[in-house]
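Asker:
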Amino acid sequence: TMAAIRRRHGGSVLCAFDVPRERISAYGVFEVEDTDDPDVRRVRGMVEKPAPEAAPSTLAAAGRYLLDRAVFDALRRIVPGAGGELQLTDAVALLIDEDHPVHVVVHHGERHDLGTPAGLLRASVDFALADSDVGPELRRWLRDRVERETT
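For the sequence shown, the working numbering assigns the number 1314 to the initial residue and increments by one for each residue that follows.
1. Between the alpha carbons of G1396 and T1371, how many angstroms are there, rounded?
2. Taking the straight line between their C-alpha atoms, what separation do you get for A1374 and A1367?
3. Name the residue from V1438, T1402 and V1418 whose alpha carbon lies nearest to the alpha carbon of L1427.
4. Within 8 Å, do at least three Cβ pairs link the stretch 1443-1460 to the stretch 1417-1427?
5. Suppose you measure from the CA of S1325 to the CA of A1316; what does that come to, to the nearest Å?
6. In the DSSP assignment, what residue or residues form a beta bridge with L1327?
7. Throw me the rounded Cβ distance for the G1358 and E1346 pair, which I believe falls under 8 Å.
8. Going by DSSP, name the residue or residues bridged to D1347.
9. Could you give the residue range of the alpha helix (DSSP H) that holds S1437?
10. In its own chain, which residues sit with a C-beta less than 6 Å from the C-beta of V1384, not counting the 5 before and 5 after it?
11. Suppose you measure from the CA of D1350 to the CA of R1453; what does that come to, to the nearest Å?
12. Could you work out which residue in Y1340, T1348 and L1327 is closest to V1360 when comparing CA atoms only?
13. Name, in chain order, the residues that DSSP records as bridge partners for L1372.
14. Using only the alpha-carbon positions, how far apart do Q1400 and P1449 sit?
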């Protein structure tokens, strides 16, 4: 877990997931170095939405953070970014530049991208199908609906 990695390495721990290189430009991407655990990497930098050929890895930010309190000091020392707001990624980048330990844990389970209408819809359907109250009825309806579409 992220908490166990924090206890082991200290600093901040972020969650990452592996993305096919051709889709990497939609994400913030980590520049990493290996550790003794293949699912834990030391972060050496971050690049926001790089071109596929320029991406330092295929490990993308999953939006889950276990941050060291040093991030608050870093937030006080960065300049506002997009929209005149302080950006958490800029504060984490400052911590990395100052050699604070920052690691990513690679998540291998299912993940939903809620940043698009289609992704939100897929997540809603998946969660509804897994629900014992609405899942069976929704499954029947979806089957019938798809059948009508194909006939």
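C-beta: ideal position from N, C-alpha, C; glycine also.
Answerer: Answer, in terms of the structure:
1. 27 Å
2. 16 Å
3. Scanning V1438, T1402 and V1418 for the CA closest to the CA of L1427 turns up V1438.
4. no
5. 10 Å
6. Y1378 and V1417
7. Rounded, the Cβ-Cβ distance is 10 Å, inconsistent with contact.
8. R1354.
9. P1430 to A1443
10. A1404
11. 43 Å
12. Y1340
13. D1331
14. 43 Å
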